[in-house]
Amino acid sequence: MAVVSAATREMNNVEAVRETLHDALANDPRTVILGEDVGARGNVFLITKGFLEEFGPERIIDTPLAEASIVGVAIGMAMEGMRPIAEIQFADFIYPAFNQIVGEAAKTRYRSNGDYTCPLVIRTPYGGGVRGALSHSVSVEALFYHVPGLKIVAPSTPADIKGLLTAAIEDPDPVLFLEHKKTYRLVKGPVPEGHFVLPIGRADVKKEGSQLTVVSYGLYVHQALDAARQLEGEGVSVEVIDLRSIRPMDRETILESVRKTRKLLIIHEDNKFGGVGAEIAAMVAEEALFDLDAPIRRLAGPDVPAMGYAITLEEEFMISTPRMREAMRELVQF
Amino acid sequence: MAVVSAATREMNNVEAVRETLHDALANDPRTVILGEDVGARGNVFLITKGFLEEFGPERIIDTPLAEASIVGVAIGMAMEGMRPIAEIQFADFIYPAFNQIVGEAAKTRYRSNGDYTCPLVIRTPYGGGVRGALSHSVSVEALFYHVPGLKIVAPSTPADIKGLLTAAIEDPDPVLFLEHKKTYRLVKGPVPEGHFVLPIGRADVKKEGSQLTVVSYGLYVHQALDAARQLEGEGVSVEVIDLRSIRPMDRETILESVRKTRKLLIIHEDNKFGGVGAEIAAMVAEEALFDLDAPIRRLAGPDVPAMGYAITLEEEFMISTPRMREAMRELVQF
Amino acid sequence: MAKAVTAAATGFERYGLSDDQLVAILRNMLLQRTVDNRGFQLNRQGKIPFALGSEGHEAVQAGAALAFQRGSDILVPYYRDLGLVLGIGMPILELLLSLFARGADRSGGRQFPNHYTNRDIGVMSISSIIAAHVPHAVGAAYAIKFRGEGGRAVLTTFGEGATSEGEWHESVNFAAVHGLPIVFLCQNNEFAISVPQAKQMHVKDVAQKAAGYGLPGETFDGLDPLVSYDAIRRAMERARSGEGPTLLEGKCARFLSHSTDDDDRTYRSREAVLELRKRDPIASYETVLLANGIVDQARIEALRREVLAATNEATDEAEAMPLPTQADLYRNVYAGDYEPWQ
Amino acid sequence: MAKAVTAAATGFERYGLSDDQLVAILRNMLLQRTVDNRGFQLNRQGKIPFALGSEGHEAVQAGAALAFQRGSDILVPYYRDLGLVLGIGMPILELLLSLFARGADRSGGRQFPNHYTNRDIGVMSISSIIAAHVPHAVGAAYAIKFRGEGGRAVLTTFGEGATSEGEWHESVNFAAVHGLPIVFLCQNNEFAISVPQAKQMHVKDVAQKAAGYGLPGETFDGLDPLVSYDAIRRAMERARSGEGPTLLEGKCARFLSHSTDDDDRTYRSREAVLELRKRDPIASYETVLLANGIVDQARIEALRREVLAATNEATDEAEAMPLPTQADLYRNVYAGDYEPWQ
Ligand SMILES: Cc1ncc(C[n+]2csc(CCOP(=O)(O)OP(=O)(O)O)c2C)c(N)n1
Ligand SMILES: Cc1ncc(C[n+]2csc(CCOP(=O)(O)OP(=O)(O)O)c2C)c(N)n1
Ligand SMILES: [Mg+2]
Ligand SMILES: [Mg+2]
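First to last, the protein sequences are chains P, B, R and E. Take the first sequence: its position 318, counting from 1, is numbered 318 in the numbering used here, and each next residue is one higher. Take the second sequence: its position 96, counting from 1, is numbered 430 in the numbering used here, and each next residue is one higher. Take the third sequence: its position 9, counting from 1, is numbered 677 in the numbering used here, and each next residue is one higher. Take the fourth sequence: its position 221, counting from 1, is numbered 1231 in the numbering used here, and each next residue is one higher.
Right, dumping it as structure tokens:
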């Protein structure tokens, strides 16, 4: 569980992002935010509302509509000593910046053997269930998690957002920070006051249990927790791990839990084939195969290009809490 | 094993690519090739040498230096009834085209519900062991294999190249065709004459065996075969599967083999974390966990951004045949 | 004062158009505004989660639609092209089906509204990724030229914000090198969501960008449908006759917020919007037609009633149709049957 | 006839440079040619697998080096900038360490030769991905301006082929919008590997592209080091004094194949190359200096001997140094210690 300092304040995910960014701007004059509509509009989710007035247009930069340069210019700033936080308006629009993220940011330190570094954060809202149709719903973590040199974080609660976004901003290497947009206003919780950092690369056991390990991240952590709590009433004990960091991945927490429960269910919204669940399953199959009492199961998005706009299509793509509950029950009973 | 017609001719991988492209151009007037230096230069590996003279500059298009438009223009051609074959000079330069491949080509059919389709082939040389340093050695399959709507092929022999490149060109959907550049002149073999197509999505058991299943693709298939043959002398029987198609993946061939040998070793050059081996391992852990007598092992590229230019760094990154042999022996003895 | 009104005052240039064509332009503009408003209305009623309006773009789009040769030219549009697609023959019903995300929608209820596709009338499918369609338009133009289909051209459209994207640049350059039959039409409304043109580029006119590609560039009054028609027709004819690409820029305006998800009060004043609205292209054009005796007020009213009736009919018809089924999620991933990884 | 020679004949313009500076330019050009040749020589000897030459680019790079303010300006170069990095103070040894892929190389033997980095002298690390460094240069220029470091500027370079990339376009546009202290210097040798300029763009001069960004653009004779120096110095001073970016284009030539992996006989005639070589910038510049009594033949010979000796010394020293260890593969993936996934 996250170490939480004495004083906390209740807020939702979008407020946690907003306040953490605000603190970073207030505390470190090298920090700037750049992206589309982050200025007068205050970001399309109003995350940076008021920042332009408070910090000025040199630090809150409404960029031209060009993602490769948003990230590319931020890389140059980072190499030259600034602390840029680049925003990609929706994760679906990150593809044009792929070269700068994968080819450049992730390799700056390596290719120069440390002569130059790239302390850069790229924030972007991802995920579905918000009627975002084909191009405002996508999950992108599996397109990046294979890339050495990058870190990828996808927290699910306001406290984890504060702790990990602070860590990302203070990290000396590039971090892709993924925010599930459906959790923005849906998820609330206590957030520690003051400087609060959580280590990147540590998963969090959000609920302890003994009969099954569930690993998830983002929106589905909350549904998995709901499902697990419902099953408690039936005497079924499920442990729910919030991965939080996708790269580096917390091998120890997962293995420890699986060795205890002897069963593993991985749940993610992103398509199944080649998704983050593949690496989790592969790692466990390599390290703890004989500790398992059931096949490793992945409950994930179907392998179609995207959820559609129609509610029927969106619902078919997304995994409901009852479906999670059924999968948990089945595996426990295996 | 591939069905091979009576008449064959010996050639290397580069010749197989070249002849297949030539046949496609000769047989279908809708086919064009576009990319950097594919014209007068005849491609940097001389794959299209002479094509400009034979087919003219309208069909062999030396494009401006701009990968997003190479793929993007090819998509438009494909949507409008042509059969473009786009070339990315080295796989390392495919990143700027990521948006067009992942965001556009892969989704054309889906987003229009079949109103438009995208019969496009993107060919690119990948892989290391050729002193290509950071940016001429990369493996890119794991950055794309997660993407529904795309097909990805990575054959290792001249016959498979002919059969699968022909299939890719005739396929009604976009296919990413990966050619391991170290195999270009290294690997030779008989190639069926005439029209020869292999189905995309079928792996090939390149060597039968009973004690261990090895799944690999590209250059390492050949090293794995060498290693397996060496072990035969010691009475160790290894089955070697050449994956050939990465998406769709041939689940049946892998499962059938693993259920027979009860042990699985996956070998690939690409970085381990989140690589193609992750999905193979995950799928087997889901489908055949109790058929396994040993943990699933992945022998893969280390998780560093790239192999370096110095021979020491390249050798440390690449997996030698003796290392493969040792890993096979160990797993058989497990 | 709006330029179109000035034109009316100083002499009426009809650009070789018949009375019927002049009236058809007005009808197209009225229809666009009506369907546009219907989207917002349905959204306010809670019937649909999203709509995106084109108010202020009616003139440039009506002009473009008239310059487009049906059954021959190809359109690669952008999401704000409601009037343009209506003007070249897309049935109103299709737009309503898309708003309601019905199964019979051409995208099968998959795409956001305003993401047009209709192969039958030559409208190529687009995604939401800004500028990503521009290379496709260039590829289509290549195909036309490659097959020697003289007399055909491609029209592709985008906002001024899109011209900042690398893919836009690469595409225009490619078309220029190959002298392709294509017109790049920028609808410059001076905003990209909240970002004003001055933060988007350091030139006054998008048309200035043509110089870097060795292409002709022309800026015109996109609030005047006749001026727009004339500029676009000339460029399309250049393209059709093999003289190569043109970069056009119609200066227009965005009267509404970017979409129902946006609230433009956060970044522009109501006064500024009121000022913009004084140059309403429909009002201006009506004034011109009235002043020149092409229509009378009764005719205008009749047209309004007609497009409203057609829109109502399409709305009812679309609303009554079924949503896609859950099984539809798995169709058209690839050709033929498809089994997702289980 | 080469322009530099013409200049000599019609009157010598020294652009405010002292005799020492004029000679330093020649020395830089000779050094570049010598180190350049050393790479090809080592490749032919089988000692290194790859080399890439800059012959024909000496003048524009010598001019650029002199216009660069050491200890203050930032250079974001491209792989053909051998003379430029030597000219601003990169030790010859570093270039040889890179050719030999030694552990002491700044990239630790990781990068291809010619992929410079040296934070101490303000040379930012680059990858092999064409144009991908241009946004980094813009970001660095933003940092300079942001911190109010007046008097500093960024110089970034690239070939004419690079200007086709979307990232190039986005970067120049960004710099223009923000009026950043940066000079975009194109070294136009009319080829991108085998692709001639006419297939790369539809304009005669890359400088014409400046118009689309509202920037000044200037084309100059990149075979003349003095003309080059003057144009680049003026642009750098504009940048340093807060007047914003400039797009420069030095017309030069590529005498060799693209690299040792290329064979230009497949796409250009020997006659064409011979014709190019007649405009050798070193020969032309020597003629100018001799004609104006700045140097005599003996001085030139002495310079040649000096740079050869320095190159030999660096070659021997680099060759004697160890390769990176295998453990080095795992360093500097992230800050601190790193354990790859096992
Ligand atoms: C690649 C990409 N980046 C960002 C967005 C989000 N977005 C949608 S429309 C828009 C503004 C477009 O402005 P402009 O091109 O001027 O067209 P307009 O909407 O004004 O007609 C933005 C930023 C997107 N859809 N795609
Ligand atoms: C993104 C990308 N595409 C392709 C290449 C392969 N490549 C290396 S240099 C080069 C030509 C560059 O031409 P130009 O920009 O004119 O510079 P020059 O080499 O002529 O100095 C190409 C195509 C690359 N390195 N990166
Ligand atoms: Mg706009
Ligand atoms: Mg060049």
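Even for Gly, the Cβ is constructed at its ideal location relative to N, Cα and C.
Can you check whether the C-beta of R:R770 is within less than 9 Å of a C-beta belonging to chain B?
R:R770 does not count as touching chain B.
May I have the straight-line CA-CA distance separating E:A1018 from E:R1289, to the nearest angstrom?
Low confidence applies to E:A1018: its pLDDT is 43, below 50, so where it sits in the model is not reliable enough to give any reading.
Using the C-alpha atoms, what's the distance from B:R593 back to B:E513?
Cα-Cα distance, rounded: 30 Å.
Could you compute how far the alpha carbon of E:G1171 sits from the alpha carbon of B:P398?
Each residue's alpha carbon lies about 7 Å from the other.
Taking the straight line between their C-alpha atoms, what separation do you get for P:R30 and P:F55?
One C-alpha to the other measures close to 12 Å.
Checking contacts by CB at 9 Å: is E:R1120 closer than that to chain B?
So yes, E:R1120 belongs to the interface.
Quick one: list the residues of chain P neighbouring R:L750, beta-carbon separation under 8 Å, in chain order.
The premise fails here: R:L750 is roughly 17 Å from chain P at the closest Cβ pair, so nothing lies under 8 Å.
Kindly indicate if chain B contains any beta-carbon less than 9 Å away from that of E:A1019.
Below a pLDDT of 50, predicted positions are generally treated as unreliable, and E:A1019, at 46, falls in that range; no measurement from the model is reported.
Please classify E:F1440: is it buried, with 16 or more other beta-carbons within 10 angstroms of its beta-carbon, or exposed?
A question about residue 1440 of chain E goes unanswered here, because the residues of chain E that appear run from 1011 up to 1352.
Distance, Cα to Cα, P:S420 vs R:L720?
Here chain P covers residues 1 to 334 and nothing more, so residue 420 of chain P does not appear.
Quick one: does P:K181 have its CB under 9 Å from some CB of chain B?
Chain B, which has no Cβ nearer than 9 Å to the Cβ of P:K181, makes this no.
Excluding the five sequence neighbours on either side, which residues of its own chain have a C-beta within less than 6 Å of the C-beta of E:L1225, listed in chain order?
Closer than 6 Å at Cβ, skipping near neighbours: A1186, P1255, L1257.
Shorter than 8 Å, the distance from the beta carbon of R:H629 to the closest heavy atom of ligand 1, or not?
There is simply no residue 629 of chain R to check, as chain R begins at 669 and stops at 1010 in what is shown.
Where does R:S796 land, buried or exposed, given buried means 16+ other C-beta within 10 angstroms?
By the 10 Å Cβ count, R:S796 comes out buried.
Assuming R:I794 and R:G757 make a contact with CB atoms under 8 Å, what is their CB distance in whole Å?
Between R:G757 and R:I794 the Cβ distance is about 18 Å, and since that is not below 8 Å, they are no contact.
At a Cβ threshold of 9 Å, is P:V44 touching chain R?
Chain R, which has a Cβ nearer than 9 Å to the Cβ of P:V44, makes this yes.
Helix, strand or coil: how does DSSP classify R:V673 here?
Interpretation of R:V673 is limited by its pLDDT of 39, a score under 50 that renders its predicted location unreliable; the figure taken from the coordinates is listed afterwards. Helix, per DSSP.
Does P:E316 come within less than 9 Å of chain R when only Cβ atoms are used?
Closer than 9 Å: yes.
Would R:S832 pass as an interface residue toward chain E - the criterion being a Cβ-Cβ separation below 9 Å?
For R:S832, the answer is yes, since a Cβ of chain E falls inside 9 Å of its Cβ.
Would you call the segment 626 to 638 of chain B and the segment 594 to 604 of chain B in contact, with 3 or more CB pairs under 8 Å?
Contact between the segment 626 to 638 of chain B and the segment 594 to 604 of chain B is present, because at least three Cβ pairs lie under 8 Å.
Measure from the alpha carbon of R:A986 to the alpha carbon of each residue in R:A940, R:T825, R:I760, R:E726, then state which is nearest.
Closest by alpha carbon: R:I760.
Is the distance from the Cβ of R:V806 to the Cβ of R:V822 below 9 Å?
Yes, Cβ-Cβ distance for R:V806 and R:V822 is below 9 Å.
Let me check you understand the geometry: is the CB of P:D62 closer than 8 Å to at least one non-hydrogen atom of ligand 2?
Not so, every heavy atom of ligand 2 lies at least 8 Å from the Cβ.
Step through the CB atoms of chain D and report whether any lies within less than 9 Å of the CB of B:D507.
Of the protein chains in this structure, namely P, B, R and E, none is chain D.
Would you call the CB atoms of E:V1317 and E:L1041 closer than 9 Å?
Closer than 9 Å, so yes.
Check whether the Cβ atoms of E:E1311 and E:R1264 lie closer than 9 Å to each other.
Cβ atoms of E:E1311 and E:R1264: not closer than 9 Å.
Given 8 Å as the limit, tell me if B:L368 has its C-beta closer than that to any heavy atom belonging to ligand 2.
Because no heavy atom of ligand 2 lies under 8 Å away, the Cβ of B:L368 does not count as near it: no.
Leaving out five residues on either side along the sequence, give the residues of the same chain with a beta carbon under 7 Å from the beta carbon of E:T1321.
Result list for E:T1321: T1044, V1045, R1048, I1102, in chain order.
Report yes or no: is there a C-beta of chain B within less than 9 Å of the C-beta of P:D250?
Not an interface residue.
According to the neighbour-count rule (16 or more other Cβ atoms, all chains shown, within 10 Å of its Cβ), is R:E939 buried or exposed?
Exposed, by the Cβ-count rule.
When we look at the beta-carbon of R:S740 and count the other beta-carbons within 10 Å, is it buried (16 or more) or exposed?
With fewer than 16 other Cβ atoms within 10 Å, it is exposed.
From R:V673 to R:D892, what distance separates their C-alpha atoms?
Residue placement at R:V673 cannot be trusted, given a pLDDT of 39 that sits under 50; what the coordinates show is reported in the next sentence. Each residue's alpha carbon lies about 9 Å from the other.
Taking the CB atoms as reference points, tell me whether P:V121 and E:F1184 lie closer together than 9 Å.
No, the Cβ-Cβ distance between P:V121 and E:F1184 is not below 9 Å.
Per DSSP, which residues does B:M345 bridge with? Please list them.
Note: B:M345 sits in a beta bridge opposite B:G523.
Using a Cβ-Cβ cut-off of less than 9 Å, list which residues of the segment 307 to 334 of chain P approach chain E; keep chain order.
Residues: none.
Roughly how many angstroms lie between the CA atoms of B:V561 and B:H356, to the nearest whole one?
According to the sequence shown, residue 561 of chain B is Ala rather than Val. About 35 Å.
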